[in-house]
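These notes concern the structure reproduced below.
Protein chains in written order, with our numbering: chain A, 6 to 427; chain B, 3 to 491.
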């Protein structure tokens, strides 16, 4: 079906421009009212969700020639889903799904982006999203006495993720996570060198087959290991296991938790006690795929009821971002003694993207950094000294943007602060 | 028709490489026609330079704001004003704000609330430009239309910069009529930016006292944002009446007493749309409310400046409603729903949920005038909708119309929608026929003369205004590069 299945949704777009802004009730002034990085950076309406849907509808109706500009529009989108939240405040229509389908169509039509092709080639060859990564995937765990979940029975599989496993600057997140889980007495393990990419970022890039290939391999490994719970410290990994695997009927009964959810539970259960003071003013950035796009998948099949209204039988449950993971990371931060927590304007379901998603960090790093700088400025405006996130991709792009801009803002993953506090 | 390379370069030298595009890929995002190019000017000087180039090369241009509506001929230069998004000034002392075209109402309103001020939010919604001329939910206290435009900066179709009213003789924006040139008859002929030929690049809008909070206490997640509490000295209610005459009696009484911050003659369908989060909920709520109302009605918000002021307004409201036999809709007395619709009407200006969500498209006939008169016309237009509802061509809203008081009821606005699926050409054709017929009936029965009515008959009946307007436009736009069109919001 592809793009065709969203014909009715795309024709519903009335060009109201709500997709460009945070929900109107949440606008607090002239600043920080925009929510879509792509239209904010490139300005032509075609870069907004509304523009993309209208282009999609035109593609179906009249066919369109692929031009460099069209591909520029397609690939300069983080697929962060903020547009859908703002649209779906008022409208019943799919927004992100047709945008994603358009990208998939481009890949099927061999209109790919060379930088993303390279990433996918590496995924096929090495099983990771990090071209040029050297060393073994599980090398970071050397000497930490972590169980091998493929060989030993564990209650929890910690899926580390490609970036955290291979990036020397981010391996500290894996170590911190392991330390926290050990401190709480969790019977957990990792797959070490046998761990494979979750495939989530391949899906964002427009490569569903490659995603499915990874998903099937991961689920086979998990099944074989007899693991019932997976914890990820990467928002992309979380969304892949929790949402995408479910969408494609691969997840089964597997319980999927983000580390921030798990730490929150450990604190509430009294198994983890943040006692040491971490004196800093910090604000929290909601990763898109932990927040609005981390909302559980809702299986639905139905048909539009003929007639005047855009309604379906059975009623279509739209994923509007209300059920993402928002409070657990905040509760964890608020549980850290000495930490002064502040909020930015654009938060939770209408959070501004870090810039790294949708393959943009690879296909257009300058745009990714521009997007990150916008967020850094917003974080600084709260008076925070630190920007806390819960995804290594966010941390990576924020740090790259800070390095270039000279901002004094510090960036932490939530596990780094918890590690300091326990 | 693509621009010649050298012409393209001329435009590019004005706005920069990043801000001009003639690639066919971007066109469907704007409209179904292909344009010669889309250009994103960043300031008045760039608009002026683009307009002059259009005159030099005899290229037709049209400006656009957030892009919600508009009719565009093919092969034109489309000026997307998106980069002009600054609030130039908020003058608390003289009660005006100066904005560029791409400042949306929500942004300006949020800034104003912090200062105890508000302005007329137009019915198109707070997602549209703050410069928009028109009417909206708070017209009862903030008036509407050209009452709210003070001085305006206008790039004429030939590329001259005209500053109207006080701005023409000073750097002050406080008045549209002077000291300085009042060109209100031209500038307010339609909705800026875009309908009057040329481009409106800045406008001063009139500000009003806001008795409510500096920020609404919003809780929850989209699509169900609720108020954690109803702000102090504020209340929202929906009253239905035994007849149109009784409703009108109450409207007049409330206007005379000047107690309502908002008086919106919503029908049950519009109330249902605003307080629900999806179409299925909307339909169920509409059926529920339909059983609860006793007849036509209106929604009011009262906002007191103090507890005593609030108590007084509430008491007067209840007395006037009681005298007219009005009945409060119990469903809306639930504080959660009361808060939702209060916020919908003030912060969102309703709009999308009640217009586009049900079917995807709507056509409307809006009319200004005395409410008692225009309601009579609207009842007929509502009856004419019913066959379309029965055939399943338009959304069933009971054939209802709506409207509201302006300036405490001195004036009024009445409007009627037909909501339908844009994918259904039969429905679209039927709605357009209904629209034509009802506009014609309005003219023939002497209710009002619409710009969408039969111009060959309306013009002669109104001092040949259309011929005069054509002459004015020709004088302003000798090269014919700036056509009139539909409203651009």
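Virtual Cβ for every residue (Gly too), placed ideally from N, Cα, C.
- Residue 370 of chain B is bridged by DSSP to B:415.
- The beta carbons of residue 365 of chain B and residue 295 of chain B sit no closer together than 9 Å.
- Exposure of residue 428 of chain B is indicated by the presence of fewer than 16 other C-beta atoms within 10 angstroms of its C-beta.
- Residue 163 of chain B: member of the beta strand (DSSP E) spanning 163–165, first to last residue.
- Rounded to the nearest whole angstrom, the CA to CA distance from residue 294 of chain A to residue 102 of chain A is 14 Å.
- Burial check for residue 174 of chain A: the Cβ neighbour count within 10 Å stays below 16, so the residue is exposed.
- At least one CB of chain B lies nearer than 9 Å to the CB of residue 91 of chain A.
- Taking C-beta atoms under 8 Å as the contact rule, residue 327 of chain B and residue 244 of chain B qualify, at a distance of about 5 Å.
- Under the 9 Å criterion on CB atoms, residue 354 of chain A is classed as interfacial with respect to chain B.
- In the DSSP assignment, residue 436 of chain B falls outside any beta strand (DSSP E) and lies within the alpha helix (DSSP H) extending over 427–446.
- The C-beta of residue 120 of chain B has 16 or more other C-beta atoms within 10 Å across all chains shown, which makes the residue buried.
- For residue 107 of chain A, no CB of chain B lies under 9 Å from its own CB, so it is not counted at the interface with that chain.
- Cβ-Cβ distances below 7 Å link residue 232 of chain A to 154, 159 and 162 in the same chain, with the five nearest sequence neighbours on each side left out; the list follows chain order.
- Residue 333 of chain B is positioned such that its CB atom lies closer than 9 Å to that of residue 291 of chain B.
- Residue 35 of chain A carries a coil assignment under DSSP once its states are collapsed to helix, strand and coil.
- Residue 161 of chain B is outside the set of residues whose beta carbon lies under 9 Å from a beta carbon in chain A.
- Taking the Cβ atoms as the reference, residue 177 of chain B lies roughly 25 Å from residue 130 of chain B, outside the contact range of under 8 Å.
- Judged by DSSP secondary structure, residue 338 of chain B falls within the alpha helix (DSSP H) whose first and last residues are 337–345.
- Its chain contains 17, 21, 85 and 86 as the residues whose beta carbon lies nearer than 8 Å to that of residue 44 of chain B, once the 5 sequence neighbours on both sides are disregarded; these appear in chain order.
- At the C-beta level, residue 92 of chain A and residue 23 of chain A come within 9 Å of one another.
- In summary, residue 262 of chain A is buried, with 16 or more beta-carbon neighbours lying within 10 Å of its beta-carbon over all protein chains present.
- If the five residues before and after residue 258 of chain B are omitted, its C-beta is found closer than 8 Å to the C-beta atoms of 410 and 411, all from its own chain and listed in chain order.
- Along the stretch 56–70 of chain B, the positions whose C-beta sits under 7 Å from a C-beta of chain A are 68, 69 and 70, read in chain order.
- For residue 163 of chain A, the enclosing beta strand (DSSP E) covers residues 161–164.
- Taking the CA atoms as reference points, residue 33 of chain B sits about 12 Å from residue 78 of chain B.
- The stretch 386–402 of chain A makes no contact with the stretch 52–59 of chain A; the number of CB pairs closer than 8 Å stays below 3.
- In the three-state scheme derived from DSSP, where H, G and I count as helix and E and B as strand, residue 134 of chain A is classed as coil.
- If you check the CB distance, residue 198 of chain A and residue 142 of chain A come in under 9 Å.
- Listed in chain order, the alpha helix (DSSP H) elements of length 4 or more contained wholly in the stretch 219–271 of chain B are 246–259.
- Taking 9 Å as the cut-off, the Cβ atoms of residue 59 of chain A and residue 108 of chain A do not count as close.
- Judged by their CB atoms, residue 302 of chain B and residue 339 of chain B are not nearer to each other than the 9 Å cut-off.
- By the rule that beta-carbons nearer than 9 Å mark a contact, residue 16 of chain B does not touch chain A.
- Contact check for residue 76 of chain B against residue 69 of chain A fails: the beta carbons are separated by 9 Å or more.
- The Cβ neighbour count for residue 105 of chain B, taken over all protein chains shown within 10 Å, is at least 16; the residue is labelled buried.
- Here residue 268 of chain A carries a helix assignment [DSSP, helix/strand/coil].
- In the DSSP assignment, the residues bridged to residue 154 of chain B are B:205.
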